[in-house]
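Engineer: Before anything else, here's the structure in question.
In full-length UniProt numbering, the protein residues as written are 1 to 115.
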């Protein structure tokens, strides 16, 4: 099957990259990779989203290496679609981490899931 956009061929990998991907499910958490798309442009940097399901209120943890992602209301609204069909009672927690610090990402990830 062949896909095109503006007379340019789109690979299957490109199509896969535009969708969020659940990469882990642990206890009452789901971990997702979420693409950053603005004006039909897919950026190379993705955000990690940890959905935390609780009885009182669900929490959407967004971890990004780009502050613009955390300030983009449209992007955050799209992320909320991961949970809004399950719960209307949720809150966001936003985290900025340095791009080259994998330890910071994994420590934050572990702290959220272990609490």
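Glycine included, each C-beta is placed from N, C-alpha and C at the ideal position.
On a predicted model such as this, the values are computed, not experimentally measured, just so you know.
Can you tell me which of 97, 99 and 82 puts its alpha carbon nearest to the alpha carbon of residue 91?
Structural biologist: Numbered from its first residue, the chain shown carries residue 91 at position 91. The option with the nearest alpha carbon to residue 91 is 82.
Engineer: Exposed or buried, which one is residue 47 when buried takes at least 16 other CB atoms within 10 Å?
Structural biologist: One-based indexing of the chain shown puts residue 47 at position 47. Under this definition residue 47 is a buried residue.
Engineer: On the CB-based measure, 16 or more other CB atoms within 10 Å of its CB, does residue 40 come out buried or exposed?
Structural biologist: Position 40 of the chain shown, counted from the start, is the residue given in the question as residue 40. Counting Cβ neighbours within 10 Å, residue 40 comes out exposed, since fewer than 16 surround it.
Engineer: In this structure, does DSSP put residue 47 in helix, strand or coil?
Structural biologist: For the purposes of this step, residue 47 is identified with residue 47 of the chain shown, where counting begins at 1. In the structure shown, residue 47 sits in a strand (DSSP, three-state: E or B).
Engineer: Counting C-beta neighbours from all protein chains within 10 Å, is the total for residue 42 16 or more, i.e. buried, or is it exposed?
Structural biologist: Taking the chain shown and counting its residues from 1, the one referred to as residue 42 is at position 42. When all chains shown are included, residue 42 counts as exposed.
Engineer: From 73, 56 and 62, pick the residue whose C-alpha is nearest to that of residue 87; which is it?
Structural biologist: Here residue 87 corresponds to residue number 87 of the chain shown, with the count starting at 1. Cα-wise, what sits closest to residue 87 is 56.
Engineer: List the DSSP bridge partners of residue 22.
Structural biologist: Indexing the chain shown from 1 puts residue 22 at position 22. Answer is 32, bridged to residue 22.
Engineer: Using DSSP with H/G/I as helix, E/B as strand and the rest coil, what is residue 39?
Structural biologist: Locating residue 39 in the chain shown gives position 39, counting from the first residue. Of the three classes helix, strand and coil, the one that applies to residue 39 here is coil, per DSSP.
Engineer: Using CA atoms only, rank isn't needed, just tell me which of 78, 25, 35 and 54 is closest to residue 17.
Structural biologist: Sequence index remark: in the chain shown, residue 17 carries index 17 (1-based). Checked all of 78, 25, 35 and 54; the closest Cα to residue 17 is 35.
Engineer: Let me know if residue 64 comes out buried or exposed under the rule of 16 or more other beta-carbons within 10 Å of its beta-carbon.
Structural biologist: Residue mapping note: residue 64 aligns to position 64 of the chain shown, counting from 1. With 16 or more Cβ atoms within 10 Å of its Cβ, residue 64 is classed as buried.
Engineer: Measuring straight from C-alpha to C-alpha, what distance separates residue 117 and residue 108?
Structural biologist: This structure leaves residue 117 out entirely; the chain is present only between 1 and 115.
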